[in-house]
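Sequential numbering from 9 applies to the sequence shown in our numbering. Report on the structure given below.
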Amino acid sequence: DVWTHTLHCLDAFADERTGDHWEDLVVGCAVLCHDLGKPDTTTTASDGRIRALGHEAESVRLTESFLGAMTSNRKLLAAVTPLVAEHMRPTQLFQGKSGAAAIRRLATRVGRIDRLVRVARADNFGRPPLPSDSFPAGEWLLTQAADLSVLAAPPVPLVRGRDLIALGEEPGVGFKAILDKVYEAQVAGAISSRVEGIALAKSIIAARDRQ
């Protein structure tokens with residue numbers, strides 16, 4: 009059941025602690041909370057198969073309530089909840105043979121893919137007597153994220169506010185919208201340099217001004 013699985017996951021996490029107090033606290037809390045939403049979302053289909061669709065979002069809600077009752081450390085909550093929300097993504101991306109854009113998007117949501125893989129490893133290994141010596145999805149994602157330079161942080165924006173100011177834009181309601189469009193193009197792989205980003209920003213501004 010979920011309780012027993014969670015205990016096994018915590019054992020798997022404990023076996024791979026790094027000794028970095030903060031990193032182990034964040035990952036350990038995420039492992040503890042990753043399936044909190046399963047009791048409220050679990051159903052049994054007519055063929056007898058058990059499903060817990062949507063348990064990730066419910067787990068996030070309960071994580072905020074559970075950890076929020078124990079600490080006022082907003083930094084901890086902000087670090088843990090994305091890991092809970094995305095804890096199944098390493099396996100899903102691996103199975104779907106996802107490309108660079110999907111991995112970059114994951115990095116923008118979770119911040120630290122290296123942390124996420126630690127959570128996913130513990131989840132994967134928390135199912136004895138299944139093997140607990142290899143997690144191909146995690147190893148694949150770590151390699152892909154490192155190659156894309158998004159292992160420990162999301163992609164650094166190629167275009168920033170100062171670049172728009174240099175183009176004659178004034179900070180305001182539409183300022184962020186331009187930056188968001190350029191950043192999404194960067195994450196999607198449509199642009200790969202600051203020069204290309206500024207050119208895209210110019211085209212977005214020009215299209216806006218023609219309306």
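Beta carbons: idealized from backbone N, C-alpha and C, even for Gly. Note that the structure is a prediction, hence the values are computed from the model and not measured.
For the region 140 to 159 against the region 173 to 181, do three or more pairs of beta-carbon atoms, one drawn from each stretch, fall closer than 8 Å, so that the two count as touching?
Output reads no: the region 173 to 181 does not touch the region 140 to 159.
One question on the structure: do H63 and K46 come within less than 7 Å of each other, judged by their Cβ atoms?
Taking the first residue of the sequence shown as position 1, residue 63 is located at position 55. Taking the first residue of the sequence shown as position 1, residue 46 is located at position 38. In this structure, K46 lies closer than 7 Å to H63 by Cβ.
What residue does the alpha helix (DSSP H) around I111 start on, and which one ends it?
Stepping through the sequence shown from its first residue, residue 111 is reached at position 103. From DSSP, the alpha helix (DSSP H) with I111 extends over 108 to 118.
Find out if the Cβ-Cβ distance for the pair T51, R57 is shorter than 7 Å.
Numbered from its first residue, the sequence shown carries residue 51 at position 43. Numbered from its first residue, the sequence shown carries residue 57 at position 49. Going by C-beta atoms, T51 is not nearer than 7 Å to R57.
Among the candidates F143, S200, A215, whose CA atom is the shortest distance from the CA of Q103?
Looking up residue 103 in the sequence shown gives position 95. Nearest of F143, S200, A215 to Q103, Cα basis: F143.
Go to R135, then tell me how far its alpha helix (DSSP H) extends in each direction, as first and last residue.
On the sequence shown, position 127 is the one that residue 135 refers to. From DSSP, R135 is part of no alpha helix (DSSP H); its letter is neither H nor E.
Under the DSSP definition of a beta bridge, which residues are partnered with R59?
The residue you call residue 59 lines up with position 51 of the sequence shown. DSSP output for R59 lists T51 as bridge partner(s).
Measuring straight from C-alpha to C-alpha, what distance separates H13 and G134?
For this step, residue 13 is matched to residue 5 along the sequence shown. For this step, residue 134 is matched to residue 126 along the sequence shown. Rounded to the nearest angstrom, the two C-alpha atoms are 6 Å apart.
Suppose you measure from the CA of L175 to the CA of K210; what does that come to, to the nearest Å?
Walking along the sequence shown from the start, residue 175 turns up at place 167. Walking along the sequence shown from the start, residue 210 turns up at place 202. In a straight line, the C-alpha of L175 is about 8 Å away from that of K210.
In whole angstroms, give me the CA-to-CA distance for R69 and A86.
Numbered from its first residue, the sequence shown carries residue 69 at position 61. Numbered from its first residue, the sequence shown carries residue 86 at position 78. Answer to the nearest angstrom: the Cα atoms are 12 Å apart.
Can you tell me the Cα-Cα spacing of L172 and V34, whole angstroms?
Indexing the sequence shown from 1 puts residue 172 at position 164. Indexing the sequence shown from 1 puts residue 34 at position 26. Distance between the alpha carbons of L172 and V34 is about 36 Å.
Just to confirm, is the Cβ distance from A38 to V118 under 7 Å?
Numbered from 1 along the sequence shown, position 30 holds the residue referred to as residue 38. Numbered from 1 along the sequence shown, position 110 holds the residue referred to as residue 118. Not in contact: A38 and V118 (Cβ atoms no closer than 7 Å).
Return the CA-CA distance between E177 and K189, expressed in angstroms with no decimal places.
What you label residue 177 is simply residue 169 of the sequence shown in a count that begins at 1. What you label residue 189 is simply residue 181 of the sequence shown in a count that begins at 1. The alpha-carbon atoms of E177 and K189 are separated by roughly 15 Å.
Within a Cβ cutoff of 6 Å, which residues of the same chain sit near A20, ignoring the five residues on either side of it in sequence?
Mapped onto the sequence shown, residue 20 falls at position 12. Excluding positions up to five away in sequence, the list reads A130, F133, G134.
Would you kindly report the start and end of the unbroken alpha helix (DSSP H) that includes S142?
Residue 142 sits at position 134 when you count from the first residue of the sequence shown. Unbroken run through S142: none, as it is neither H nor E.
Would P163 and R112 be called neighbours here (beta carbons separated by less than 7 Å)?
In the sequence shown, residue 163 corresponds to position 155, counting from 1. In the sequence shown, residue 112 corresponds to position 104, counting from 1. The answer is yes: Cβ separation under 7 Å.
Rounded to whole angstroms, what is the Cα-Cα separation between I186 and A196?
In the sequence shown, residue 186 corresponds to position 178, counting from 1. In the sequence shown, residue 196 corresponds to position 188, counting from 1. In a straight line, the C-alpha of I186 is about 15 Å away from that of A196.
Could you give the C-beta distance for V88 and T71, rounded to a whole number, given that I count them as a contact under 8 Å?
Taking the sequence shown and counting its residues from 1, one reaches residue 88 at position 80. Taking the sequence shown and counting its residues from 1, one reaches residue 71 at position 63. So it is a contact: roughly 6 Å between Cβ atoms.
Would you say V127 faces chain D, with C-beta separation under 7 Å as the test?
Of the chains in the structure shown, none is chain D; there is only one protein chain.
For C17, tell me which candidate among S140, S200, A161 has the shortest Cα-Cα distance.
Taking the sequence shown and counting its residues from 1, the one referred to as residue 17 is at position 9. Answer by Cα proximity: S140.
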